[in-house]
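Chemist: Let me give you the structure first, and then I'll get to my questions.
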Ligand code: SF4
């Protein structure tokens, strides 16, 4: 297993810097489309941070760990304790479970959050090589209050592709071959 901790991300820092640039591109595209709809992610009664999202890349795992290292030791200890408890119940719980990084509605590692946390919320499309264009709706809050305007194309395909290419390069460099399917608490306690 490749280190997701300090040694790992120092060794592979250039990959994480490229991921950071890709995340910035995602944020800019998302912000422009959200602005078109007048959609602001705030005051939501159904926080998407309670959704059991899975994350699949070594890049995002290492990037989250880079973020964890920026927390004060006491804050990091609290987050890790919370993640230990949440990781034990996240798969057995039928209901929604709040992400260990969400404190009072704020993401403690906002700058280091994974891709799906950045892209969730607005309607989007994917260009599948066989099935063609697959469109998906926005989140619950978006569909309830922001569907008056015509759909503004938000194609996730090039963003996914760029992430996949970068992940492939990192895996070649590291020799890492395992599949990853982790929730945020599992990523936090992973070492
Ligand atoms: S990483 Fe941050 S944005 Fe993503 S689910 Fe957790 S608290 Fe929410």
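In this note's numbering, the protein residues as written are 1067 to 1257.
Idealized CB from N, CA, C, for every residue including glycine.
Just so it is clear, the structure is predicted and the values come from calculations on it, not from any experiment.
(1) Sorry if obvious, but does the Cβ on residue 1263 come closer than 6 Å to a heavy atom of the ligand SF4?
(2) On the criterion of 16 or more Cβ atoms from any shown chain inside 10 Å, does residue 1112 qualify as buried, or is it exposed?
(3) Suppose contacts are defined by Cβ-Cβ distances below 7 Å. Is residue 1200 in contact with residue 1194 by that definition?
(4) Using CA coordinates, which residue listed in 1083, 1106, 1084 is at the minimum distance from residue 1186?
(5) Determine, for residue 1223, whether the minimum Cβ-Cβ distance to residues of chain B falls below 7 Å.
(6) Pick out whichever of 1085, 1088, 1097 has its Cα sitting closest to the Cα of residue 1220.
(7) Check whether the Cβ atoms of residue 1133 and residue 1178 lie closer than 7 Å to each other.
(8) Residue 1221 bridges to which residues according to DSSP?
(9) With respect to the beta strand (DSSP E) encompassing residue 1198, which residues constitute its N-terminal and C-terminal limits?
(10) Look at residue 1114 and residue 1168 and say whether their C-beta atoms are less than 7 Å apart.
(11) Which of helix, strand or coil does DSSP assign to residue 1248?
(12) For residue 1227, is the classification buried or exposed, using 16 other Cβ atoms within 10 angstroms of its Cβ as the cut-off for buried?
Modeler: For this structure:
(1) What the structure shows of the chain is the stretch from 1067 to 1257, and residue 1263 is not part of that stretch, so it cannot be assessed.
(2) exposed
(3) Closer than 7 Å, so yes.
(4) Minimum Cα distance to residue 1186 is reached at 1106.
(5) As a matter of chain content, chain B is missing from the structure shown, which is built from one protein chain.
(6) 1097
(7) yes
(8) Residue 1221 is bridged to 1191.
(9) Start and end: 1198-1202.
(10) No, the Cβ-Cβ distance between residue 1114 and residue 1168 is not below 7 Å.
(11) Of the three classes helix, strand and coil, the one that applies to residue 1248 here is strand, per DSSP.
(12) Taking all protein chains in view, the Cβ of residue 1227 is surrounded by fewer than 16 other Cβ atoms within 10 Å, so the residue is classified as exposed.
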